[in-house]
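Novice: In the numbering used here, the protein residues as written are 460 to 882.
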Amino acid sequence: MRRIHVGNALSAFGLGFTVPYLYVYVAQVRGLGAMTAGLLLAVFAVAALVVLPLAGRAIVRRGPLPVLLTALVLAGVGALGLGLSATASTALLSASLLGAGQAVMQPALATMIVDCSTTQTRSRAFALQFFLQNLGLGVGGLIGGHLVDTSRAASFTLLFAIEAAMFLLLVAVMATVRMPRAPEIESMTSLDGGTSWKRLLGNRAMVQLCVLGFVLFFACYGQFESGLSAYGVEAAGISTSSLGTALAANTLVIVVAQFAVLKFVERRKRTRVIAAVGLIWAVAWAVAGYAGLGHGSRAMATAAFISTYALFGLGEAMLSPTVAPLVADLAPSGMAGQYNSAFALVKQLALAVGPAIGGPMAASLPAPYIVTFLLFSLGITVLALRLGRLLTPLQNQPSMARSRVVAQGGAPAEPVEPAQARI
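This is the structure in structure tokens:
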């Protein structure tokens, strides 16, 4: 588990070096134009949508570790290729490799966490993963910002080379991992792609969670770097430096609040925690509405806008130990990879649709934009409470298992080490 968390931190650190600067690098530094830069960003989403349906089946068949190592090599080649690309075709090809690798890493790492944790320890494991991802992205972006020079393409090549090196270093680290033997699949028919997807779609709770996940990512993450930032600049008159401060506030809240929030979340029903996040984000959108549509001073508008991102960060810290473990607990034995990949696919769809709708709407219709996403946030609360009716008590609140053992006068059993391991 320690190696898995090191891997999460290294991959996020590498991504933090380049993600904030992709558009500037392609459009201005390489001189390939705004259209090519836009296509390149779209390629990331398309590559993810193509590979994720296949990734789940591969994880179930081969195990998460071989799939992760393959994804890391693809991402490393793609990152290095982007740093050396001087033409649109090579840049787009490299972006497709990097995007595919990044997309597959998520369900593979998530499945490894599931295989190395129990129902009782899973929330803490995913909370630590989210904490390290945000810390790695923040530190990587901070260092990368001091290394780049838009007048020198070589400085960007260095950034992409560092990112590629992080992926290859992660290959070396993860190659030493000895994974516990994964649970046997309950039915061999689950290996058939069509049957496994049909079985997943027949799980009402998982389908409801996917709908909820789409709304979560569409109404929050899908707006961060598109709709909400466009609204801040156009409607609220926020400066670019203040926008950077707002993003930093979001990361800071996550890093500071993650483990304090975890103690609160672990003792409560997961669906009620998600419902509370919907209410917090509704307040965040209302505060954003004041920033852009109110009649306060520029300083008040800026403070309100920064507070919006901070409130989103608080909600994210509450979700990280809640949603991902719930996906794992809904998966039949041996099918965690398929379920993690399906949920990652929903996330990518939301991240593709969110900016496409939110960006233009925020720039031209700021008031309807705020009202729309405030209602989406309230919709999160409604969907979460409905999901609670489809879950078993232990799925909704794993801490009940520990409580029952204590109430009966026993002690929690220690996890048994597997007799065999799989490289």
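Built from N, CA and C at the ideal position, the CB exists for glycine as well.
1. Quick one: using the 10 Å Cβ neighbour count with 16 as the cut-off for buried, is Glu645 buried or exposed?
2. Roughly how many whole angstroms lie between the Cα atoms of Phe835 and Cys679?
3. Roughly how many angstroms separate the alpha carbons of Met647 and Gly522, rounded to a whole number?
4. With 16 other CB atoms within 10 Å as the buried threshold, where does Val715 fall?
5. Measure the alpha-carbon distance for Ala695 versus Leu752 and round it to whole angstroms.
6. Between Asn799, Gly774, Gly540 and Leu837, which lies nearest to Gly515 when the distance is taken from Cα to Cα?
7. Skipping 5 residues on each side, what residues in its chain have a beta carbon closer than 6 angstroms to that of Val732?
8. Drop a sphere of 10 angstroms on the beta-carbon of Arg637, count the other beta-carbons inside from all chains shown, and report buried for 16 or more, exposed for fewer.
9. Would you mind sorting Ala872 into buried or exposed? The rule is 16 or more other CB atoms within 10 Å of its CB.
10. Can the beta-carbon of Ala559 be found closer than 7 angstroms to that of Leu533?
11. Looking at the structure shown, is Met460 part of a helix, part of a strand, or coil, going by DSSP?
12. Are the CB atoms of Leu789 and Phe664 within a distance shorter than 7 angstroms?
13. Determine, using beta-carbon pairs with one atom in the stretch 594 to 602 and one in the stretch 462 to 477, whether at least three such pairs fall under 8 angstroms.
14. Note down, in chain order, each residue of its chain lying with its Cβ closer than 6 angstroms to the Cβ of Leu721, except the 5 sequence neighbours on either side.
15. Please check the pair Ile839 and Val736, which I expect to be a contact at CB under 8 angstroms, by giving their CB distance rounded to whole angstroms.
16. Do Ala763 and Ala745 have their C-beta atoms closer together than 7 angstroms?
17. Candidates Val692, Arg658 and Leu543: which alpha carbon is nearest Met794's?
18. Have a look at Leu568 and Val786 and give me their C-alpha separation to the nearest angstrom.
19. I need the straight-line Cα distance from Phe673 to Leu808, nearest angstrom please.
20. My assumption, with CB atoms under 8 angstroms, is that Leu617 sits in contact with Leu627. Please give the rounded CB distance.
21. Excluding the five sequence neighbours on either side, which residues of its own chain have a C-beta within less than 6 angstroms of the C-beta of Gln854, listed in chain order?
22. Need the endpoints of the alpha helix (DSSP H) that Gly540 sits in, please.
23. For Ala811, I'd like the list of residues in its chain whose CB is within less than 6 angstroms of its CB, leaving aside the five on either flank, ordered along the chain.
24. Please say whether Phe771 and Phe709 have beta carbons closer to each other than 7 angstroms?
25. Kindly indicate if chain C contains any beta-carbon less than 7 angstroms away from that of Leu568.
26. From Arg727 to Asn467, what distance separates their C-alpha atoms?
27. Out of Gly600, Ile463, His464 and Ala547, which has the shortest C-alpha to C-alpha gap to Gly492?
28. Tell me whether Met494 is buried or exposed, calling it buried when 16 or more other Cβ atoms sit within 10 Å of its Cβ.
29. Using the three-state DSSP reduction, which class does Asp788 fall into: helix, strand or coil?
30. Evaluate Gln487 with the Cβ neighbour count: other Cβ atoms within 10 Å of its Cβ, from every protein chain shown; 16 or more gives buried, anything less gives exposed.
31. Going by DSSP, what residue range makes up the alpha helix (DSSP H) through Gly818?
32. Rounded to the nearest angstrom, how far is the Cβ of Pro702 from that of Gly691, given a contact under 8 angstroms?
33. Please tell me whether Val510 and Val563 are closer than 7 angstroms, where the distance is taken between their beta carbons.
34. Should Tyr482 and Ala496 be called a contact, given that it needs their Cβ atoms to be closer than 7 angstroms?
35. In three-state DSSP terms, what is Arg658?
36. For Leu629 and Gln561, what's the separation of their Cα atoms in angstroms?
Specialist: This is what the structure holds:
1. Note that Glu645 scores a pLDDT of 49, beneath 50, so its modelled location is shaky; the value from the coordinates is reported in the next line. By the neighbour-count rule (16 or more Cβ atoms within 10 Å), Glu645 is not buried but exposed.
2. 10 angstroms
3. At Met647, the pLDDT of 43 sits below 50, so the modelled position is not reliable and the matter cannot be decided from this model.
4. exposed
5. For Ala695 and Leu752, the distance between alpha carbons rounds to 7 angstroms.
6. Out of Asn799, Gly774, Gly540 and Leu837, the CA that lies nearest to the CA of Gly515 is found in Asn799.
7. Once the five neighbours on either side are set aside, the close Cβ partners of Val732 are Val724, Met777 and Thr781.
8. exposed
9. In this prediction, Ala872 has a pLDDT of 42, which is less than 50 and means its spatial position is unreliable; nothing more can be read from the coordinates.
10. yes
11. coil
12. The identity of residue 664 in the sequence shown is Ala, whereas the question assumes Phe. Cβ atoms of Ala664 and Leu789: closer than 7 angstroms.
13. Taking 8 angstroms as the limit for Cβ pairs, the verdict is that the stretch 462 to 477 does touch the stretch 594 to 602.
14. Ala586 and Pro780
15. Yes, Ile839 and Val736 are in contact; Cβ-Cβ is about 7 angstroms, under 8 angstroms.
16. no
17. Comparing Cα-Cα distances from Met794 to each of Val692, Arg658 and Leu543, the minimum goes to Arg658.
18. 14 angstroms
19. 8 angstroms
20. Between Leu627 and Leu617 the Cβ distance is about 15 angstroms, and since that is not below 8 angstroms, they are no contact.
21. Asp788
22. Residues Pro523 to Leu543.
23. Ala504
24. It should be noted that the sequence gives Asn, not Phe, for residue 709. Their beta carbons are under 7 angstroms apart, which means Asn709 touches Phe771 by this criterion.
25. Looking for chain C here will not work: only one protein chain is present.
26. 27 angstroms
27. Checked all of Gly600, Ile463, His464 and Ala547; the closest Cα to Gly492 is Ala547.
28. exposed
29. helix
30. exposed
31. Ala795 to Ser823
32. According to the sequence provided, residue 702 is Leu. The question's Pro does not apply to it. Rounded, the Cβ-Cβ distance is 6 angstroms, consistent with contact.
33. yes
34. yes
35. DSSP places Arg658 in helix when its eight states are reduced to three.
36. 13 angstroms
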